[in-house]
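Residue numbers (the working numbering): 8 to 195.
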């Protein structure tokens with residue numbers, strides 16, 4: 008079966024091929040729309056996508072296809088997948104550009120300053136921990152090691168590793184609760 012042809016070449020095509028394509032497409036249209044609707048979840052979008060598919064074929068040069076009805080259904084499924092991919096990309100881009108809060112741009116510098124202060128407090132708390140506790144914390148939280156792996160590597164029981172982790176986490180939490188130490192001679 009021959010499908011699609013740009014307007015400038017239509018005089019050269021067999022008239023029967025274009026009529027056959029139109030007949031098969033119209034007979035498969037409801038199945039194609041149902042297939043696309045199941046994938047995209049919107050009847051109107053499915054109808055639009057199938058119409059776009061028709062226009063794509065109608066405008067392009069004729070090509071030989073074994074079973075036109077099967078080919079059209081496969082193309083309808085593919086156009087639904089393409090649509091879902093492009094919608095997913097559009098949503099990801101939009102989510103990345105929309106602020107979480109209406110006035111978040113005004114509070115960004117303040118939030119960054121507070122986050123930097125919090126990080127300095129946590130780092131100071133970790134430096135104040137005993138070496139083994141700090142090492143266990145870093146192995147777990149930074150390097151992603153499980154408690155059992157750490158226990159085996161350090162020759163400790165898993166319970167001991169858990170206790171060291173609780174001590175480290177408590178120190179981190181406490182460092183965030185405590186007010187920042189003031190430097191003498193500086194205004195608050």
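All residues carry an ideal CB built from backbone N, CA and C; glycine is no exception.
Beta-carbon contacts of residue 8 that lie in its chain and below 6 Å, excluding the five residues immediately before and after: Note that residue 8 scores a pLDDT of 43, beneath 50, so its modelled location is shaky and nothing firm can be said.
Cα-Cα separation, residue 66 to residue 80: 18 Å
Check whether residue 57 and residue 36 have beta carbons under 8 Å apart: yes
Classification of residue 140 by the beta-carbon crowding that lies within 10 angstroms, buried from 16 upward: buried
Length of the line joining the Cα atoms of residue 43 and residue 160: 55 Å
Assumed close pair residue 142, residue 154 - CB separation to whole angstroms, cut-off 8 Å: Not quite, the Cβ-Cβ distance comes to about 13 Å (not below 8 Å), so this is no contact.
Environment of residue 98 [buried if 16+ CB atoms lie within 10 Å]: By the neighbour-count rule (16 or more Cβ atoms within 10 Å), residue 98 is not buried but exposed.
Beta-carbon spacing of residue 178, residue 136 below 8 Å: yes
Reduced DSSP secondary structure (H/G/I, E/B, other) of residue 137: coil
The alpha helix (DSSP H) enclosing residue 49, as first and last residue numbers: Per DSSP, residue 49 lies in no alpha helix (DSSP H) segment and is marked neither H nor E.
Residue 53 burial status per 10 Å Cβ neighbour count (16 or more: buried): Classification of residue 53: buried, given that the 10 Å Cβ count is 16 or more.
Own chain, CB closer than 7 Å to residue 83, minus 5 neighbours either side, in chain order: 39, 42, 43, 57 and 60
Simplified DSSP state of residue 153, which is helix, strand or coil: coil
Residue 90 classed as buried or exposed, judged by whether at least 16 other C-beta atoms fall within 10 angstroms: buried
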